[in-house]
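Presented below is the structure to which this report refers.
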Amino acid sequence: MSIRQPISGSWLRYLVKDATRQMANSVQLYRLLEANDFASLETLFHAFFASIPYEWYTNNDIAKFEGDYASVLYSYFAGLGLNITVEDSSSHGRVDMAVHFNDNIYLFEFKVVELASERAAMAQLQEKGYADKYRGLDQPIHLIGVEFNKDTRNITAFEVAGA
């Protein structure tokens with residue numbers, strides 16, 4: 246964690262040039278997660294991606310890749326020093342990101358879709374049973390499926406379910 250936090254903090258500073266806005270976003274993320282306010286979390290995530298300059302997407306096809314979107318969210322969570330595991334393996338596959346915070350477990354699955362939401366992220370979380378390995382911890386488990394549209398370069402679906 247000692248190396249992960251400075252690296253993600255540096256990446257975050259690169260993504261968000263305005264240090265005051267970066268800090269405000271981070272504080273807001275922490276508070277929304279603490280309150281399990283998922284509707285507002287979706288709004289905040291949408292703002293994260295809307296603030297990325299369009300020039301970063303020109304002359305490349307980075308918007309097609311799930312890892313681009315995942316790295317932005319990872320940077321915010323890691324910048325808070327939270328306990329995060331990416332590509333967290335189980336006997337059924339790998340969940341994109343697991344966040345342990347405030348005696349809750351948040352399992353994120355990310356997908357890039359062509360046009361409209363395909364609801365594939367939440368379907369994968371549920372069908373693969375990614376929450377199963379955490380059930381013995383006796384903590385609330387939140388499944389969060391996030392889909393991104395490669396053309397709008399933002400969230401097209403944000404689904405939350407208990408596990």
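Mapping the sequence shown onto this note's numbering, position 159 (from 1) lands on 404, and the numbers just tick up by one. For glycine and all other residues, C-beta sits at the position ideal for the given N, C-alpha and C. Bear in mind that the values here come from a model prediction, so they are computed numbers and not experimental data.
(1) If you check the beta carbons only, do N328 and P385 fall under 8 angstroms apart?
(2) Taking the straight line between their C-alpha atoms, what separation do you get for S296 and A315?
(3) Just verifying my parser: in three-state terms, what is the DSSP assignment at E359?
(4) Please name the residue in N270, A365, Y375 and A366 whose C-alpha comes closest to that of S336.
(5) Just to confirm, are F353 and M342 a CB contact at a threshold of 8 angstroms?
(6) How long is the line joining the alpha carbons of D333 and K373, rounded to whole angstroms?
On the basis of the data shown:
(1) By the CB criterion at 8 angstroms, N328 and P385 fall outside the cutoff.
(2) Between S296 and A315, the C-alpha separation is close to 15 angstroms.
(3) DSSP places E359 in coil when its eight states are reduced to three.
(4) The residue with the shortest Cα to Cα distance from S336 is Y375.
(5) Yes, these two residues count as a Cβ contact at 8 angstroms.
(6) Put simply, the backbone Cα of D333 is about 13 angstroms away from that of K373.
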